[in-house]
Ligand code: FAD
Ligand code: NAP
């Protein structure tokens, strides 16, 4: 006998998921400890301090709903909160709920082995510590493992290099510098206008052009805020109902795009464009189901690009030709306008890619560019990167890497066969990245905590998904994705941004029915799970 485990619950990660997990788990009387690789809380908002970093879900929504006192007392200042404000919020939550004493910072979890005799996880860290607990919750984040492509000569560059997802805490002064930025995803689209305004010259290397919708960020109107706060619970409930794909309060028009004539359609798109944000993609109910419908929205955006960018060649280069919305949509503040600046150049890296990095710069499109700094805005090994970054070993010593060799397989995105008592917050197979993630996090953490209480009450020591339930779930996730245009792009949803990664559509489309299913599974004695 190995004696009593050190803890009841171990949580990995102190972003919004880990913080809330600690709060709920501790509140339910479980001895809980969090390990966090960074030296502070906030996860995404701790690491991604690049210029322009900002939320694309409105701030009154992108915040916890679990405490009415918290949501009443916190004052957001802008329609879309900037990274520093969100990080202040995460720190405020940590202070307010006395969470810090439960977190061990600067400590990366490196391994987790399930002891089948004792029904407990043995977790090891890079500081040499080993701790045991029956339950392990991975709150490691969907977008926390950075992707730094293995460009030829990458480490030979003599200037400064930065990745948007690991930005220096002291900030970077680009004044007077020649800067190259690789990537045109959400991070780059936010960073480019800000860096361009500061740097001597900015060269943007674009492999795939991206659609972007204006955010129309602005200071929050205090009367409107008070109105929401007066009915915050109703506002949150309403959000859940409206939560149909892009993660925020989108006014969805329940009509197909071709049911309007061209003028009405144009007017609908234009009104939503003026409003800003994801509302644009709620213009019609079939934008992500019908290519013909999608093309009407895509062409509207291309026209805005052509209208905005002075040089027609540059404008064409910026016009995407894929389905709009099948990659995570971007919101911007002055992105396309930035290409009218004399100190900004767009380089097409589609055909030949980034050929190599040299001591002085980058070779792409057959040309040599010289830089003082290179910014990698090359994204993340999304959804599975951080999970597989830990050497997780379940029954019979099988590693999570082996179990997910052909792509992640889960039941409800919460658990995976062969790894008893292991919970994933916003894991693959759950709506996660296709939602306002704080909503998804709260739903998962509440479900996990309720499950832990139920197990305790019933005297159960283990919970594990059945293979049948998992197989059915994976099929369900694929079937739902197959009804849409989502799988048609080279997106990180499919793992296509990482060479060699199995290509599986990882998130589940549709949050409200999903949350309902999770509740029903629990209410039906944890249907699809073996309890031991
Ligand atoms: P994270 O915030 O990623 O936290 C995970 C934590 O786990 C990190 O701190 C990491 O250091 C830690 N960790 C990982 N592995 C280990 C380990 N082995 N040992 C110890 N610690 C570990 N979502 C939205 O809904 N709306 C938005 O507008 C939005 N904007 C975003 C902007 C950016 C730039 C990025 C990158 C993501 C954005 N997201 C957005 C997604 C965002 O990740 C989530 O909203 C949310 O912050 C995730 O919280 P989390 O706690 O699940 O994960
Ligand atoms: P991303 O969307 O994956 O974009 C990465 C960019 O780097 C893409 O343009 C990609 O080109 C390019 N790239 C990657 N590898 C390359 C290579 N080998 N050669 C040339 N180009 C390469 O990453 P991200 O911009 O960091 O965003 C990731 C996610 O984080 C977003 O989708 C979103 O969910 C979240 N996010 C949200 C916000 C927000 O507004 N709130 C801001 C930032 C991030 P290809 O397209 O050709 O692959």
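Residue numbers (the numbering used here): 1 to 532. Cβ coordinates follow ideal geometry from the N, Cα and C atoms, glycine included. None of these values were measured; they are calculated from a predicted model.
Beta-bridge pairing of residue i - partner residues as DSSP gives them
i: residue 464; result: 530
i: residue 476; result: According to DSSP, residue 476 bridges with nothing at all.
i: residue 121; result: 114, 133
i: residue 103; result: 34
i: residue 371; result: DSSP output for residue 371 lists no bridge partner at all.
i: residue 330; result: 212
i: residue 206; result: 348
i: residue 411; result: 415
i: residue 399; result: 393
i: residue 219; result: 78
i: residue 302; result: Residue 302 is not bridged to any residue.
Pair within 9 angstroms by beta-carbon distance, residue i and residue j
i: residue 146; j: residue 35; result: no
i: residue 390; j: residue 60; result: no
i: residue 456; j: residue 420; result: no
i: residue 48; j: residue 140; result: no
i: residue 532; j: residue 462; result: yes
i: residue 542; j: residue 30; result: Limits of the chain in this structure are 1 at one end and 532 at the other, which puts residue 542 out of reach.
i: residue 262; j: residue 284; result: no
i: residue 470; j: residue 232; result: no
i: residue 379; j: residue 369; result: no
i: residue 210; j: residue 485; result: no
i: residue 309; j: residue 181; result: no
i: residue 442; j: residue 46; result: no
i: residue 54; j: residue 217; result: yes
i: residue 144; j: residue 15; result: yes
i: residue 373; j: residue 162; result: yes
i: residue 44; j: residue 10; result: no
i: residue 266; j: residue 300; result: yes
i: residue 213; j: residue 278; result: yes
i: residue 41; j: residue 99; result: yes
Residue from the options with nearest C-alpha to residue i
i: residue 444; options: 21, 9, 6; result: 21
i: residue 321; options: 475, 532, 302; result: 302
i: residue 184; options: 491, 513, 86, 62; result: 491
i: residue 186; options: 206, 200, 172; result: 206
i: residue 346; options: 119, 512, 153, 192; result: 192
i: residue 326; options: 512, 228, 483; result: 483
i: residue 178; options: 32, 43, 5, 344; result: 344
i: residue 150; options: 122, 357, 189, 294; result: 357
i: residue 115; options: 132, 100, 148; result: 132
i: residue 77; options: 67, 478, 62; result: 62
i: residue 481; options: 502, 422, 288; result: 288
i: residue 269; options: 239, 241, 529, 304; result: 304
i: residue 435; options: 392, 296, 501, 241; result: 241
i: residue 409; options: 286, 313, 506; result: 506
i: residue 447; options: 110, 99, 112, 523; result: 523
i: residue 113; options: 41, 134, 104; result: 134
i: residue 273; options: 199, 332, 319; result: 332
i: residue 359; options: 159, 494, 110; result: 159
i: residue 386; options: 406, 426, 464, 511; result: 426
Cβ-heavy atom distance, residue i to ligand 3, below 8 angstroms
i: residue 186; result: Annotation note on ligand 3: not contained in the displayed structure, which lists ligand 1 and ligand 2 as its ligands.
Contact test: residue i Cβ vs ligand 2 heavy atom, cutoff 8 angstroms
i: residue 351; result: no
i: residue 45; result: no
i: residue 134; result: no
i: residue 382; result: yes
i: residue 331; result: yes
i: residue 377; result: yes
i: residue 324; result: no
i: residue 280; result: no
i: residue 189; result: yes
i: residue 30; result: no
i: residue 53; result: yes
i: residue 207; result: yes
i: residue 328; result: yes
i: residue 362; result: no
i: residue 492; result: yes
i: residue 155; result: no
Any non-hydrogen atom of ligand 1 closer than 8 angstroms to residue i Cβ
i: residue 232; result: no
i: residue 25; result: no
i: residue 142; result: yes
i: residue 114; result: no
i: residue 165; result: yes
i: residue 436; result: yes
i: residue 62; result: yes
i: residue 124; result: no
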